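Numbering (our numbering), first residue to last: 697 to 811. C-beta: ideal position from N, C-alpha, C; glycine also. All figures in this text were calculated on a predicted structure; none of them were measured in a lab.
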């Protein structure tokens, strides 16, 4: 399965790029960099996992990607609360992280049933 053909990879890469672009004005470099790192981790771990030989390794990396989504979601909530992130933009990112998490859960289940 080529990771570049997966909608979850495409959407997570697009979300990561969107977060990167929209957080550039944030002066709190630690906050911004942590959010960018957690969002970059998602498509990166999907790509790495899907190129692994064993299903067990694929699932491990997809689970890491799902955890990174939860981390990014937490940071987005905080960013909204402290007015670093525009509420409307933040809510759209939160919605996307929820959808991506569901997609990863489905992909993990599919891989586990094929073992």
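Pull up the distance between the alpha-carbon of residue i and that of residue j, whole angstroms please.
i	j	result
residue 780	residue 722	6 Å
residue 706	residue 793	13 Å
residue 784	residue 773	12 Å
residue 724	residue 731	11 Å
residue 782	residue 770	15 Å
residue 718	residue 703	22 Å
residue 787	residue 736	19 Å
residue 799	residue 727	27 Å
residue 749	residue 803	16 Å
residue 697	residue 752	15 Å
residue 746	residue 756	10 Å
residue 701	residue 759	19 Å
If I'm right that residue i touches residue j with Cβ under 8 Å, what's the distance once you round it to whole angstroms?
i	j	result
residue 715	residue 754	Rounded, the Cβ-Cβ distance is 25 Å, inconsistent with contact.
residue 813	residue 801	The question about residue 813 has no answer here: the residues shown for the chain are numbered 697 through 811.
Taking 7 Å as the threshold (C-beta atoms), are residue j and residue i in contact?
i	j	result
residue 699	residue 743	yes
residue 790	residue 765	no
residue 709	residue 739	yes
* To do: Output the residue ranges of the alpha helix (DSSP H) runs that lie fully inside the stretch 778-806 and measure 4 residues or longer, sorted by chain position.
  => none
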